[in-house]
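Line by line, the protein sequences are chains A and B.
With the first sequence counted from 1, adding 6 to any position gets you my numbering.
With the second sequence counted from 1, adding 748 to any position gets you my numbering.
All C-beta atoms, glycine included, are put in the ideal place defined by N, C-alpha and C.
For clarity, every value in this text was computed on a predicted model and none was experimentally measured.
One structure is given below, encoded as structure tokens.
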Amino acid sequence: MSKLNPLFIGLSGVMLGVAPWVINAAPYESTMGLVQKVFYFHFPAAILFLVAALICGVASALFLFGKKPRADGWAIAAAELGLVFGSLTLVTGPLWARKAWGVWWVWDPRLTSSLLLWMIFSACLLLRRYGGPGADKLGAGMALFGMANVPFIYVSVNVWRTLHPQTSVVPTLPTDMGIPLWFCFAAFTMLFVALLNLRARLEHQRARVEALYLAEDEA
Amino acid sequence: MRFYRALFVATTLAVTAPIMPANAMQPPAAMQPPAQSEFLPVEDIPPGEQIPAFTMLGAAYGFVWVALLGYVWSIARRLQKVESELADLESRSK
Numbered sequence: 007m008s009k010l011n012p013l014f015i016g017l018s019g020v021m022l023g024v025a026p027w028v029i030n031a032a033p034y035e036s037t038m039g040l041v042q043k044v045f046y047f048h049f050p051a052a053i054l055f056l057v058a059a060l061i062c063g064v065a066s067a068l069f070l071f072g073k074k075p076r077a078d079g080w081a082i083a084a085a086e087l088g089l090v091f092g093s094l095t096l097v098t099g100p101l102w103a104r105k106a107w108g109v110w111w112v113w114d115p116r117l118t119s120s121l122l123l124w125m126i127f128s129a130c131l132l133l134r135r136y137g138g139p140g141a142d143k144l145g146a147g148m149a150l151f152g153m154a155n156v157p158f159i160y161v162s163v164n165v166w167r168t169l170h171p172q173t174s175v176v177p178t179l180p181t182d183m184g185i186p187l188w189f190c191f192a193a194f195t196m197l198f199v200a201l202l203n204l205r206a207r208l209e210h211q212r213a214r215v216e217a218l219y220l221a222e223d224e225a
Numbered sequence: 749m750r751f752y753r754a755l756f757v758a759t760t761l762a763v764t765a766p767i768m769p770a771n772a773m774q775p776p777a778a779m780q781p782p783a784q785s786e787f788l789p790v791e792d793i794p795p796g797e798q799i800p801a802f803t804m805l806g807a808a809y810g811f812v813w814v815a816l817l818g819y820v821w822s823i824a825r826r827l828q829k830v831e832s833e834l835a836d837l838e839s840r841s842k
């Protein structure tokens, strides 16, 4: 898998470089015009934000209840990627909303719960860095709350009245809008997989360094 | 009685004085713009009040590229540092 990382990063870099031309070829949405094209980067970032929360939650559960120490490395990696992709979502969304809705932000369930998930990831990582002994278990517990938030974020637009488009928008997209969307989604997903792998490897190597320092101290 | 009449006039003047100049400054009805009865099309909004879509789109795409490139660079740098530290420790322990 590690051999695929440079390939995935290179390929996604090329695809993201080509993306503006692919997106430019897509038709304009009738009510929002040009600014709707933010969607082609906003949607993949938002979906991967939720995927990161699920991976982080599952890895944390394996670490807490399955006593698998390596799963902790995957949980940290997913939390950090969740923070990055969450930031992309929470920055591109308001830039689109300012033009389309006339406001940067509204406190509706989708936006508020997404911000909450981003704050859970931030708290998790801060706790892991500065929390001291026992912070790994506390951080894993917080990640479970983050994962529990995911279904709520996804269905919130269908359950409550909100300015945010519903989940039915993507499956009903016309083909000439769907092609650039899935092109960008593929690029983002490849980058996400490669970065998750590299970030988990970083955490596992750190654990090895720590173990070697401990062995040196004992000797 | 004269005192009360003077007080009434003074109070009336004090209350209406700030309103009177405002009324006096109103342009005649013929010069006022017609009342708006419907939403304005986006193209009719004055340029100063329009939000440029291209700026928003450029800012969104620019932020995504800079953030992702920065993150790739940050992971590469951290990984390189840890792996060189690991190699150093492993060579020391042999």
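- Counting only Cβ-Cβ distances below 7 Å, Leu208/A has contacts in chain B at Ile823, Arg826, Leu827, Val830, in chain order.
- Ser93/A reaches chain B at Phe811, Ala815, counting residues in chain order whose Cβ is nearer than 9 Å.
- Looking at the DSSP output, Gly19/A bridges to nothing.
- For Ile15/A, same chain residues with a beta-carbon under 6 Å away, outside a window of 5 residues either side, are Ala200 in chain order.
- Leu70/A and Ala129/A do not touch by the CB rule: their CB atoms are close to 17 Å apart, not below 8 Å.
- With a 10 Å radius around the Cβ and a threshold of 16 neighbouring Cβ atoms, Asp223/A comes out exposed.
- Of all residues in the stretch 105 to 138 of chain A, only Lys105 place a beta-carbon less than 7 Å from a beta-carbon of chain B.
- One Cα belongs to Trp124/A, the other to Ala67/A, and the distance between them is close to 19 Å.
- At a cut-off of 7 Å between beta-carbon atoms, Ala835/B makes no contact with chain A.
- If you compare the alpha carbons of Arg212/A, Arg205/A, Pro186/A, Glu216/A with that of Gly23/A, the shortest gap goes to Pro186/A.
- Residue pairing by DSSP places Glu35/A opposite Gly39/A in a beta bridge.
- Annotated three-state conformation of Lys842/B is coil, per DSSP.
- Fewer than three beta-carbon pairs drawn from the stretch 46 to 62 of chain A and the stretch 204 to 224 of chain A are found closer than 8 Å, and the two stretches are therefore not classed as touching.
- In the three-state reduction of the DSSP assignment, Lys74/A falls in the coil class, being assigned neither a helical nor a strand state.
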